[in-house]
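What follows is a single structure, written as structure tokens, with notes after it.
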Amino acid sequence: IEITPNLNKLIRNQSTLYAPHVLSQVKGGRSIDCQLMVNAGLLPVESGAWSLLYPKNRFFTLTKAMKERWNTHSWLLTADRPTIWNQQAVALAFGIDSAMYRNDWKMEDASGPRKNIGDGALMSQAVELMKHGKLWNKDNNVFIQFVTYSGHHPFKLSEDLHRIHLKGDYPEMLRDYLVTANYTDHALGILIDYLQKRPDYKETMIVIMGDHEGLAGDRESLCRTRQGKGLVSDKPFVPLIIINSPKPMRYESVMGQIDIYPTLLHLMQLKDYVWKGLGKSILSVDKSPFAIAPNYHIEGDITKVSSSEIDNLKKAYAISDKIIRYNHLYNWDGKRK
64 IEITPNLNKL IRNQSTLYAP HVLSQVKGGR SIDCQLMVNA GLLPVESGAW SLLYPKNRFF
124 TLTKAMKERW NTHSWLLTAD RPTIWNQQAV ALAFGIDSAM YRNDWKMEDA SGPRKNIGDG
184 ALMSQAVELM KHGKLWNKDN NVFIQFVTYS GHHPFKLSED LHRIHLKGDY PEMLRDYLVT
244 ANYTDHALGI LIDYLQKRPD YKETMIVIMG DHEGLAGDRE SLCRTRQGKG LVSDKPFVPL
304 IIINSPKPMR YESVMGQIDI YPTLLHLMQL KDYVWKGLGK SILSVDKSPF AIAPNYHIEG
364 DITKVSSSEI DNLKKAYAIS DKIIRYNHLY NWDGKRK
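Okay, so the sequence shown: first residue is 64 according to our numbering, each after it adds one.
Right under this line is the structure:
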């Protein structure tokens, strides 16, 4: 059974950038930590959730860079309430222009502990809004960020949402995870199918990623099972897929989530934006093939990496914590080193 046929097809496309070994670097903020890294190029704070601790902070972000260059209108589309991880405050901090939250959607395909809108319904309703020009019309540049929900632990979907049925004695967690991954892949297919029919599809860059690894404490035990061995990765990677990438490639080396922000700036030719982020673009010739986990474990190849570079990446966590804690970027003009 092909679990993710839509993603597999996109990965095979010659216009895709695929990086399968992105190290999850989130901490106590989990999902909102990923949004911080991808949108603002900063690592999570040392303890707690930055969005709850420092809701009045402001950042240099992808959305602000795109608005500065192309007058891009930005949207946040999320299945959650505005208070979950303080999403509404985050939208303001990142300079996002418009947002839609849980109560803005018709509650269909409800899933997960909070019974939020299912990924399939979220994509279908968003596509209808796009078709009617309410999110995106042909005269505007847009940045649209979807934050989906169905793929959250414990991966329990109602039976009517199951699109595959696995035979055999799979561990319950693995079976639920595969069924949910297949459902979310189907949901992404709804969005991609619509985008491919738009006349501006080839000028539309689509970025797909997980906000953090999902199996957590179950990963090791699943890897030891007969069914999970060779199927479940023994590393907490969250693959990055970029469709219609200006630089198609398959990047096999290890990178961190913190490297996604500068990579996107690089791909969109926004390298001169005032804030470069704490990571490094995978398109840079001097990008080293490793990343540092939040527990300071090194993942990747460091045979040709200096000890000072490793130390600098470890120190980046503490530096980022201070930047956020003291809101250092708020009055920064971009000229100080």
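For each residue, glycine too, the CB sits at the ideal point set by N, CA and C.
### Query
For the candidate residues G104, V101, I253, W148, whose alpha-carbon lies nearest to that of A189?
Stepping through the sequence shown from its first residue, residue 189 is reached at position 126. Here the closest residue by C-alpha is I253.
### Nearest candidate by alpha-carbon position, reference V270, set N102, Y393, P217, D297
As a working mapping, residue 270 is identified with position 207 in the sequence shown. The shortest C-alpha separation from V270 is found at N102.
### Query
CA-CA distance, I64 and L155?
One-based indexing of the sequence shown puts residue 64 at position 1. One-based indexing of the sequence shown puts residue 155 at position 92. Near 43 Å, if we compare the C-alpha coordinates of L155 and I64.
### Query
Hey, quick one: how far does the alpha helix (DSSP H) through T326 stretch, first residue to last?
Working through the sequence shown from its first residue, we reach residue 326 at position 263. T326 -> alpha helix (DSSP H) spans 323-330.
### Task
Thinking W138 and A162 are a contact (beta carbons under 8 Å), I'd like their distance in whole angstroms, please.
Sequence index remark: in the sequence shown, residue 138 carries index 75 (1-based). Sequence index remark: in the sequence shown, residue 162 carries index 99 (1-based). The pair is a contact, with the Cβ atoms about 7 Å apart (cut-off 8 Å).
### Task
Whole angstroms is fine: what's the gap from S284's alpha carbon to L224's?
Indexing the sequence shown from 1 puts residue 284 at position 221. Indexing the sequence shown from 1 puts residue 224 at position 161. Going by the C-alpha atoms only, they are around 27 Å apart.
### Query
What three-state label does DSSP hand I269 in the structure shown?
Translated into the one-based positions of the sequence shown, residue 269 becomes position 206. DSSP places I269 in strand when its eight states are reduced to three.
### Task
Look up G363 in the DSSP assignment and say whether it is helix, strand or coil.
Within the sequence shown, numbered from 1, the residue matching residue 363 stands at position 300. Looking at G363 - three-state DSSP - the assignment turns out to be strand.
### Query
Do you know how far the Cα of K292 is from the Cα of L125?
Sequence index remark: in the sequence shown, residue 125 carries index 62 (1-based). Sequence index remark: in the sequence shown, residue 292 carries index 229 (1-based). Between L125 and K292, the C-alpha separation is close to 38 Å.
### Task
State the DSSP-derived secondary structure class of W411, mapped to helix, strand or coil.
The displayed coordinates of the chain run from 64 to 400. Any statement about residue 411 would go beyond what the structure contains.
### Query
Are L258 and T247 touching if we call contact CB-CB under 8 Å?
Stepping through the sequence shown from its first residue, residue 258 is reached at position 195. Stepping through the sequence shown from its first residue, residue 247 is reached at position 184. In this structure, T247 does not lie closer than 8 Å to L258 by Cβ.
### Where L139 sits in the DSSP three-state scheme
Indexing the sequence shown from 1 puts residue 139 at position 76. Strand.
### Message
Quick check on the DSSP output: the alpha helix (DSSP H) that includes M129 runs from which residue to which?
### Response
The residue labelled residue 129 in the question sits at position 66 within the sequence shown. Where M129 is concerned, the enclosing alpha helix (DSSP H) stretches over 125-133.
### Distance between beta carbons of G158 and K127, contact taken as under 8 Å
As a first step, residue 127 is located in the sequence shown; it is residue number 64 there, counting from the start. As a first step, residue 158 is located in the sequence shown; it is residue number 95 there, counting from the start. K127 to G158, Cβ: 4 Å. Contact.
### Message
Using the three-state DSSP reduction, which class does I386 fall into: helix, strand or coil?
### Response
Here the question's residue 386 lines up with position 323 in the sequence shown. Of the three classes helix, strand and coil, the one that applies to I386 here is helix, per DSSP.
### Task
From the DSSP output, in three-state form, read off V242 for me.
Residue 242 sits at position 179 when you count from the first residue of the sequence shown. If DSSP states are grouped into helix, strand and coil, V242 belongs with the helices.
### Message
Rounded to whole angstroms, what is the Cα-Cα separation between Q150 and K377?
### Response
Taking the sequence shown and counting its residues from 1, one reaches residue 150 at position 87. Taking the sequence shown and counting its residues from 1, one reaches residue 377 at position 314. Cα to Cα, Q150 sits roughly 28 Å from K377.
### Query
With which residues is M163 paired in a DSSP beta bridge?
Walking along the sequence shown from the start, residue 163 turns up at place 100. Note: M163 sits in a beta bridge opposite L140.
### Task
Take T135 as the anchor and find which of P299, G92, N204, G104 has the nearest alpha-carbon.
Position 72 of the sequence shown, counted from the first residue, corresponds to residue 135. Nearest C-alpha to T135: N204.
### Message
If I follow the unbroken alpha helix (DSSP H) through Q151, where does it start and stop?
### Response
Stepping through the sequence shown from its first residue, residue 151 is reached at position 88. Residues 150-157.
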